[in-house]
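Read the structure below first, then the notes.
Numbering (the working numbering), first residue to last: 52 to 182.
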């Protein structure tokens with residue numbers, strides 16, 4: 052792309068259990084996980100074929116939580132769900148900070164797993180804005 056020409060950046064919010072390998076159907080929500088994985092494949096392939104005009108990133112968070120809005124019973128239910136399905140959690144403020152950081156500053160990599168989102172968002176949230 053020429054000087055001064057901007058690319059189109061897109062973040063696709065998927066899920067940590069989405070399966071890109073269409074021959075590996077998960078036991079829980081299998082068709083849904085395959086559909087999400089297929090969407091991830093198509094989005095990343097489109098960006099690769101765009102010649103740099105489009106940049107894409109897939110965010111694959113676990114369960115997104117807002118700790119200020121979760122009651123005790125819901126908290127227990129989510130712990131049980133996370134342990135059964137094998138999902139990690141990320142707080143809404145942390146994932147929001149991570150996604151905004153990546154959209155503004157460029158993508159660290161084409162797929163951000165829950166641990167990446169948590170790490171990036173935690174760093175962004177802990178940075179003193181006045182610096």
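Glycine included, C-beta positions come from ideal geometry on N, C-alpha and C.
Values in this document were obtained by computation on a predicted structure and should not be read as measured data.
Proximity below 7 Å, CB of residue i to CB of residue j
i	j	result
residue 130	residue 173	no
residue 102	residue 165	no
residue 171	residue 147	no
residue 141	residue 169	yes
Where residue i sits in the DSSP three-state scheme
i	result
residue 124	helix
residue 71	coil
residue 173	helix
residue 97	helix
residue 52	For residue 52, the pLDDT reaches just 47, beneath the cut-off of 50, and the residue's location in the model is therefore unreliable, although a value from the coordinates is still provided. If DSSP states are grouped into helix, strand and coil, residue 52 belongs with coil.
Span of the alpha helix (DSSP H), counted from its first residue to its last, around residue i
i	result
residue 79	It is not in any alpha helix (DSSP H) - residue 79 carries neither H nor E in the DSSP assignment.
residue 59	First-last for residue 59: 59-64, but that is the beta strand (DSSP E), not the alpha helix (DSSP H).
residue 150	143-156
Beta-carbon contacts of residue i that lie in its chain and below 6 Å, excluding the five residues immediately before and after
i	result
residue 64	110
residue 52	Note that residue 52 has pLDDT 47, beneath the 50 cutoff, so the model's placement of it is unreliable and no number is given.
Residues near residue i by beta carbon distance below 7 Å, same chain, minus five either side
i	result
residue 161	95, 107, 108 and 109
residue 154	60 and 62
Residue i - containing beta strand (DSSP E), residue span
i	result
residue 116	114-116
residue 107	105-111
Proximity to residue i [Cα-Cα], best of the options
i	options	result
residue 85	92, 79, 70 and 99	70
residue 67	99, 83 and 121	83
residue 72	92, 78 and 79	92
residue 151	139, 135, 176 and 134	176
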